[in-house]
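Residue numbers (our numbering): 5 to 68. See structure below.
The following block contains the structure:
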């Protein structure tokens, strides 16, 4: 069966200079667990909701 039958056609991305708060807000409003990270029109990486949680968890525990 071709992969085209399984892919997600809606693309949600963030920019390299977006803040963690902006990324968290996007995750709160979409059903995705991964976002494409762009530098202008070039794909430079992927951030997951787990990546975000790992980064925010120490700050939450420290109360910052």
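Note that CB positions come from ideal geometry on N, CA and C, so glycine has one too. In this text the structure is predicted, and so the values were computed from the model without any measurement.
The beta carbon of residue 52 sits closer than 7 angstroms to those of 37, 38, all from its chain and outside the five residues before and after it, given in chain order.
Apart from the 5 residues on each side of it in sequence, residue 57 has no Cβ closer than 6 angstroms to any other Cβ in its chain. Look at residue 13 here: in three-state DSSP terms it is coil, with no helix or strand label. If you ignore the 5 residues before and after residue 12, its C-beta comes within less than 8 angstroms of the C-beta of 36, all in its own chain and listed in chain order. Contact between residue 24 and residue 60 holds, since their C-beta atoms are separated by about 7 angstroms, short of 8 angstroms.
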